[in-house]
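These protein sequences, in sequence, are chains A and U.
Mapping of the first sequence onto the working numbering: position 222 corresponds to residue 234, and the numbering continues sequentially without gaps.
Mapping of the second sequence onto the working numbering: position 228 corresponds to residue 244, and the numbering continues sequentially without gaps.
Since the structure comes first, as structure tokens, the remarks are kept for the end.
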Amino acid sequence: MRTFLYAFVISGILFNCSVKNKTTFLQPNTVSLAQPRVMASNNLIDSFVTISANLKLDGISIHYTSNGEEPTLLSPKYKYPIKASEPIIYKFKAFHPDCNPSETMELPLYKKGLNVDAIVWHTNPNEKYAGQGPITLINDKLASFIFSDSQWVGFDSLASATISFKKKTFVESISLRYLNDMASWIFPPESVSVYIDEEPFYKNTTSPELLKEMLPREIKSISLSIKKEVTSLRIEVNNLKSIPAWHEGQGQKAWLFMDEWIVN
Amino acid sequence: MSRRKFLKQTSLASLGILASPMYSSAFSFNFNSDVIIGHNSHRYKVDMNWGNLNPLKTPVKDCHEMVQDSKGRIVLLTNHTKNNVIIYDKFGKLLETWGTNFPGGHGLTLVKENGEDFLLITDYERHQVIKTTIHGKVIFEIDYPADSGKYKSKDEFKPTETTVIENGDFYVADGYGNQYIMHYNHNGELLNIFGGRGTDDSQFLNAHGICYDNRDKNNPVLLVTARELNILKRFSLDGTYLSSVKVPGALICRPVIHKNDIYFAVLKSKNASNDDSGFLLIMNDKNEVVSCPGATFPTYTNNELEELYQTVRLFQHPHDVCIDDDENMYVAQWNSGQTYPIKLTRV
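Take a look at the structure:
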């Protein structure tokens, strides 16, 4: 409040001294806030994790939800780091009285997965984006937004691998985490197929809704229900073969970046 | 919040700036309710429409760089080959256009010789540096430094910037090519070559901009941006590495010296979720960041600058700034929907 008073007085003086011309200066509520920066101590929950959110700008407030809804000014206000123990999606949004709200920043949390005994690759990632080698997708380590992060494995063609267990293990579900960074030509996968013990089990293609327009950089996941005892899962993830017409890479193949396959 | 305020005060104390509460706001409004951006001594009102022209008659693609000529006119270089050079007055009125063969027109530097203005243009698609008169007549063209042994072919030479010193010698930064800095004499003869790609002190990743810094008349130096590394590097005029100024999070394009300050367009914030996350950055005479229009308040903790990032989505991909003789700033943007330059009026 004090800040505003000072600003009012001083800029009032400036205004009186200046020569008025026809220039139209930018007015309040015409610009949006950037997304808040959201960090978790770990995205894989063993017992609990700590989440913090920040946007270093005076006068902002950050509100969040953990029930899947879009945050509004009525949602809980972020004040200090949040302790979380459930695998849910937290959503954060920044507000300022003189700016349009930010886009929502999502933070998905996952339960730490089952230990996978082996992974065998049938195709190879692009050599520039080979991550930490074949185990990258099952090493319990998640990547940041930056595609050069060594926890990402980048493919410009089919990604196919088999994960296996020493003995039959009940698998509830598997989550495939991927990067959506359209400005860098990194898109959601075109399709995903799963084979249980080499038998076809599931195939799906990505919703065209996800490819309609340029979206902010985001880490997303595809969660597949398995609910079976298995010894191996072969997973095939196809990169997008033709970038949509609205993008500068129209018609060319897109990159596919994944950092972790989480088996529960 | 209280922690942040504490840090801010610490930083102000360490920077030796007299702190007043009003200066802490990065985004505030005056009596007339105009938005004001920036911090400390460098705060601005924003005119988004300053450079707007009829895109059917005078189109732009990427707006790469801008300079003010001796007549006070604002000269813009775009890679649109219908009119590579667009000249405005300070009020945004179109005065003149020329140039149809700079498909990779990128770097623009004003050279004053015996009272006459010339331009040094770098073109990363032609793999050349071109000197022209202010009206566009070509004086000379420089190809890749074949004899230096640092280049296998001309395609490896993708110059992004030039700078000129008092005796007419000039330097070229090969920011999209092999990352060397070339030193030429007034006639365009190669005298020295240094730098190269890498992360050592004397090397670069994206040596995007170069600038002659003679603010200290007794110790003139070169400033070179290593954009991918978020570092401004200082070199002696003979190419010896001197020191680095780190700007965490800021992909700084070229240094622009005006009076005692250095101004930068920041193409993007390193760790932002949106790609169009650029902002502007101003350093004082001690090379300390004092203002970041469109981004976080610059804060030093234990003499280390905290990561800077965009807070309001005002700029998309700023690529260069030009400061005029009224202290106002013009912002040219790359890959920003073929938009025209923005003018900031200092308050």
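Glycine is no exception: its CB is placed at the ideal position from the N, C-alpha and C atoms.
Within a 10 Å sphere around the beta-carbon of Gln-144 of chain A sit fewer than 16 other beta-carbons, which makes this residue exposed. DSSP assignment within the segment 105-169 of chain A yields the following whole beta strand (DSSP E) runs of 3 residues or more, N-terminal first: 117-120, 130-133 and 165-167. Spanning the alpha carbons of Gln-144 of chain U and Tyr-200 of chain U requires a straight line of approximately 14 Å. DSSP places Glu-129 of chain U inside the beta strand (DSSP E), whose first and last residues are 121-129. In the three-state DSSP reduction, Pro-236 of chain U falls in the coil class, being neither helix nor strand. With 16 or more neighbouring CB atoms inside 10 Å of its own CB, Ile-339 of chain U falls in the buried class. Contact with chain U is found for Thr-35 of chain A, since one of that chain's Cβ atoms lies less than 7 Å from the residue's Cβ. At a cut-off of 7 Å between C-beta atoms, Lys-284 of chain U does not count as an interface residue with respect to chain A. Ile-74 of chain A places its beta carbon 7 Å or farther from that of Tyr-92 of chain A. Using beta-carbon distances, Asp-291 of chain U counts as an interface residue toward chain A, with a partner under 7 Å.
Between the segment 206-213 of chain A and the segment 153-170 of chain A there are fewer than three inter-stretch CB-CB distances shorter than 8 Å, so the stretches are not counted as touching. When the alpha-carbon of Gly-80 of chain A is set against those of A:Phe-269, A:Leu-119 and A:Ser-162, the nearest one is in A:Leu-119. Put simply, the segment 232-250 of chain A does not touch the segment 93-103 of chain A. Fewer than three CB pairs are less than 8 Å apart.
For Trp-350 of chain U, same chain residues with a beta-carbon under 6 Å away, outside a window of 5 residues either side, are Asp-78, His-333 and His-335 in chain order. Using a 10 angstroms sphere on the CB of Ser-114 of chain A, the tally of other CB atoms reaches 16 or more, which defines it as buried. In the DSSP assignment, Met-198 of chain U falls within the beta strand (DSSP E) that extends over 196-200. Annotated as distal: Val-127 of chain U and Gly-115 of chain U, with beta-carbon spacing of 7 Å or more. Annotation for Trp-66 of chain U: Gly-108, Pro-357, Ile-358 and Lys-359 place their beta carbon closer than 7 Å to its own, counting only its chain and skipping 5 residues before and after. Looking at the backbone, the Cα of Lys-98 of chain U and that of Pro-75 of chain U are separated by about 7 Å.
In this structure, DSSP gives Ala-288 of chain U a state outside helix and strand, which the three-state scheme calls coil. With a 10 Å radius around the Cβ and a threshold of 16 neighbouring Cβ atoms, His-151 of chain U comes out exposed.
Judged by DSSP secondary structure, Tyr-346 of chain U falls within the beta strand (DSSP E) whose first and last residues are 345-349. Per the C-alpha coordinates, the member of A:Ile-231, A:Ile-186 and A:Met-226 positioned closest to Tyr-214 of chain A is A:Ile-186. Relative to Leu-170 of chain A, the option among A:Leu-67, A:Lys-253 and A:Ala-46 whose CA is nearest is A:Lys-253. Straight through space, the alpha carbons of Ile-155 of chain U and Thr-149 of chain U are spaced by roughly 7 Å.
If you check each beta-carbon in the segment 224-235 of chain A against every beta-carbon of chain U, the ones closer than 9 Å belong to Met-226, Pro-228, Arg-229 and Glu-230. Among the residues of chain U, none has a CB under 8 Å from the CB of Ser-87 of chain A; the nearest is roughly 18 Å distant. For Leu-222 of chain A, the three-state secondary structure derived from DSSP is helix. Phe-251 of chain U places its beta carbon 7 Å or farther from that of Gly-294 of chain U. With contacts defined as CB atoms closer than 7 Å, Leu-248 of chain U and Thr-241 of chain U qualify as a contacting pair.
For the 7 Å CB-CB criterion, Thr-218 of chain A and Glu-230 of chain A do not form a contact.
Per DSSP, the beta-bridge partners of Gln-84 of chain U are U:Ile-90.
Counting the other CB atoms within 10 Å of its CB gives Pro-88 of chain A a total below 16, which places it among the exposed residues. In chain order, Met-51 and Pro-93 place their CB closer than 7 Å to the CB of Ser-64 of chain A, counting only its own chain and leaving out the 5 sequence neighbours on each side. The beta carbon of Leu-121 of chain A does not come within 7 Å of any beta carbon belonging to chain U, so the residue lies off that interface. Using a Cβ-Cβ cut-off of 7 Å, Gln-349 of chain U is close to nothing in chain A; its nearest Cβ partner there is about 15 Å away.
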